[in-house]
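**Q** Before anything else, here's the structure in question.
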Amino acid sequence: MPDKTTARSTYHHGDLRAQLIAAVRDLVESHGPDGFSVAEAARRAGVSSAAPYKHFRDRPELLRAVAAEGMDRLRAAMEAGCARHPAGSIEAVAAIGQAYVDFARGGPGVFRLVFGLTEGHAADTQLQGKGWNCFSVLLQAVARVIGLSEGHPQVQERAYMLWATVHGHSFLTIDGKTTGKFAPGADWPMLMQVAAAILRDGRAA
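In the numbering used here, each residue's number is its place in the sequence shown (first place is 1) plus 1035.
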């Protein structure tokens, strides 16, 4: 008899939600957040057009789930980058920035979705929490370099300066604005220079 284990049957094992998120993530990359339908995502996941509504109330909720999953992946990448260098080092901070830029470059559609999604975003405690979790990775690394607590104003200020720089560079990169102005593969020297400049004079005595 043929194997009847299909994408439709995996719904009962809780896999459909993840399959739909993966399908929409691919569609966002190829068509943008406004260029696809829930029915198209269902078709890619191999289920009926009604099946997604067992997990997601509507299209905006599905997009928020994709953004939330993207933020989890971003945080994990930032943590992994940081962990490859000694705690309290400038390299650890620069590696967080490199992970951020690499995430944007590897999935510009989701990157734009994460930071451009406004419908319900401010009131969405889940997305707000995930955003803070990402920023906390940087806060912790900066606190270790400076030798102050994560809540110290100086740590908060320096972390924000680093984030603003890397965030701007990421958008300039995926928007093609660095062509002819910034050499491909030159992220690391720049990130090291920025991290050192921002953090060196902030070290606790």
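Don't be surprised by glycine CBs; every beta carbon is placed ideally from N, CA and C.
1) Can you grab the Cα-Cα spacing for the pair Asp-1020 / Ala-1118, in whole Å?
2) Identify, in the order they occur along the chain, each residue of the same chain with its Cβ nearer than 6 Å to the Cβ of Phe-1146, setting aside the five sequence neighbours on each side.
3) Given this structure, state the Cα-to-Cα distance separating Val-1149 from Arg-1235, to the nearest angstrom.
4) What do you get for Ser-1205, buried or exposed, if any count of 16 or more other CB atoms within 10 angstroms of its CB means buried?
5) Which residues in the same chain have their Cβ closer than 6 Å to the Cβ of Ala-1129, if we skip the five residues on either side of it in sequence?
6) Please report the distance separating the alpha-carbon of Gly-1182 from that of Ala-1176.
7) Is the region 1094-1113 touching the region 1048-1068, taking contact as three or more C-beta pairs under 8 Å?
8) Beta-carbon within less than 6 Å of Ala-1112's beta-carbon, same chain only, minus the 5 sequence neighbours each way: which residues are those?
9) Excluding sequence positions up to five away, which residues of its chain have a Cβ less than 8 Å from the Cβ of Trp-1223?
10) Which residues in the same chain as Val-1201 place their Cβ atom closer than 6 Å to its Cβ, once the five residues preceding and following it in sequence are excluded?
11) For Lys-1212, count the other beta carbons within 10 Å of its own beta carbon; 16 or more makes it buried, fewer makes it exposed. Which is it?
12) Indicate the three-state DSSP secondary structure (helix, strand or coil) for Asp-1107 in the structure shown.
13) With Ser-1205 as the anchor, note down where its alpha helix (DSSP H) starts and where it stops.
14) Between the region 1100-1107 and the region 1059-1078, are three or more C-beta pairs nearer than 8 Å?
15) Using the Cα positions of Phe-1091 and Lys-1165, report the straight-line distance between them to the nearest angstrom.
16) If you draw a straight line from the alpha carbon of Leu-1174 to that of Ile-1233, how long is it in whole angstroms?
**A** Straight from the coordinates:
1) The shown model of the chain, from 1036 to 1240, leaves out residue 1020, and the question about it has no answer.
2) Ala-1139
3) 31 Å
4) buried
5) Leu-1226, Met-1227, Ala-1230
6) 10 Å
7) yes
8) Ala-1134, Phe-1138
9) Ala-1129, Gln-1133
10) Gly-1132, Tyr-1135
11) exposed
12) helix
13) 1188-1209
14) yes
15) 19 Å
16) 13 Å
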